[in-house]
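Colleague:
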Amino acid sequence: MRVLMIAPPGAGKGTQGALIAAHFNIPHIATGELLRDHVARRTALGQAVQAYLDRGELVPDQIVLDMTREAIIAAKAAGGGYVLDGIPRTMAQARAAYEIASELGMTADVALHLQADDAELTRRLLARAALEHRSDDTAQVIAQRLALYHEVTAPILAWYRDRGILVCVDAMRAAPDVGREILAALEAMRPVLDHPSAQERLPLDLTGLGEAFGATGPATGTPG
Ligand code: AMP
Numbered sequence: 016m017r018v019l020m021i022a023p024p025g026a027g028k029g030t031q032g033a034l035i036a037a038h039f040n041i042p043h044i045a046t047g048e049l050l051r052d053h054v055a056r057r058t059a060l061g062q063a064v065q066a067y068l069d070r071g072e073l074v075p076d077q078i079v080l081d082m083t084r085e086a087i088i089a090a091k092a093a094g095g096g097y098v099l100d101g102i103p104r105t106m107a108q109a110r111a112a113y114e115i116a117s118e119l120g121m122t123a124d125v126a127l128h129l130q131a132d133d134a135e136l137t138r139r140l141l142a143r144a145a146l147e148h149r150s151d152d153t154a155q156v157i158a159q160r161l162a163l164y165h166e167v168t169a170p171i172l173a174w175y176r177d178r179g180i181l182v183c184v185d186a187m188r189a190a191p192d193v194g195r196e197i198l199a200a201l202e203a204m205r206p207v208l209d210h211p212s213a214q215e216r217l218p219l220d221l222t223g224l225g226e227a228f229g230a231t232g233p234a235t236g237t238p239g
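Quick note, the sequence shown lines up with residues 16 to 239 if you use the numbering used here.
Structure representation (structure tokens):
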């Protein structure tokens with residue numbers, strides 16, 4: 016199973032990416048985590064990217080693409096699956112990541128989109144700020160990251176929809192409910208992925224299926 020996650024900050028990429036990785040026993044490749052790790056270890060790369068992270072800006076493509084290539088090569092050696100979390104964030108990154116994955120015979124099976132509105136995302140990120148003290152979880156930087164998401168990341172969803180690999184999930188609910196829906200959707204796709212020619216892949220929009228998946232009240236989940 017090879018999954019890309021496209022979601023605004025605070026929608027739960029980290030939490031759900033970890034869940035998918037554990038469920039399918041595949042590596043969770045989170046570019047933001049990898050970059051924060053470099054910053055924490057004060058590596059040369061960490062020092063070069065710290066200011067971008069602090070301001071909520073995108074680090075240069077080449078840095079994240081090199082990181083992603085390395086991680087996909089490792090994922091291939093480890094069995095062929097992955098959950099990519101945090102890349103692509105722009106159309107240019109989407110094309111470049113596709114080329115890298117294509118060369119390695121590792122293109123994504125599913126682009127998973129977590130949907131949530133800005134008010135809820137801001138509430139979650141401010142709540143996380145109190146717990147985790149991430150340098151980019153301040154009100155001003157949160158607003159900047161959300162604006163950037165709408166401007167440059169959200170438009171790439173159409174590309175995945177056209178490719179027929181987009182799965183949309185309503186992430187306004189509690190993290191365990193969102194997680195159950197994601198795993199159910201991915202499990203349902205497994206037979207198709209195992210026999211790609213058996214059925215033409217169609218775009219899936221599961222956002223209207225909250226009730227069918229046992230949705231509960233307002234979201235209280237951990238952001239990621
Ligand atoms: P995240 O943990 O995904 O919210 O990412 C945290 C920060 O890492 C972002 O605000 C960017 O500064 C940087 N970052 C993560 N992924 C990328 C990417 N694909 N391209 C550029 N910058 C990224």
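A virtual CB, placed ideally from N, CA and C, is assigned to each residue, including glycine.
What residue range is occupied by the uninterrupted beta strand (DSSP E) comprising Asp185?
Modeller: Leu181 to Asp185
Colleague: To the nearest angstrom, how far is the alpha carbon of Arg17 from that of Pro23?
Modeller: 20 angstroms
Colleague: To the nearest angstrom, how far is the alpha carbon of Gly71 from that of Gln159?
Modeller: Approximately 6 angstroms, taken between the alpha carbons.
Colleague: Would you list the residues sitting across from Gln65 in a DSSP beta bridge?
Modeller: Note: Gln65 sits in no beta bridge, so no partner.
Colleague: When DSSP labels each residue in this structure, what does Leu129 get in the three-state scheme?
Modeller: Of the three classes helix, strand and coil, the one that applies to Leu129 here is strand, per DSSP.
Colleague: Listed by chain order, which residues have C-beta atoms less than 6 angstroms from any heavy atom of the ligand AMP?
Modeller: Pro24, Thr46, Gly47, Leu50, Tyr67, Leu68, Gly71, Glu72, Leu73, Val74, Val79, Gly101, Ile102, Arg104, Gln108, Asp151 and Arg160
Colleague: Could you tell me the distance, in whole angstroms, from the CA atom of Ile180 to the CA atom of Ala26?
Modeller: So the alpha carbons of these two residues sit roughly 20 angstroms apart.
Colleague: By a C-beta neighbour count over all protein chains shown, 10 Å radius and 16 as the cutoff for buried, is Ala162 buried or exposed?
Modeller: exposed
Colleague: For Ala241, which residues from the same chain have a beta carbon less than 6 angstroms from its beta carbon, with the 5 sequence-adjacent residues on both sides left out?
Modeller: Because the chain in this structure spans residues 16 to 239, residue 241 falls outside the shown range and cannot be described.
Colleague: What beta strand (DSSP E) runs, 3 residues minimum, are completely inside the stretch 62 to 113?
Modeller: 97 to 100
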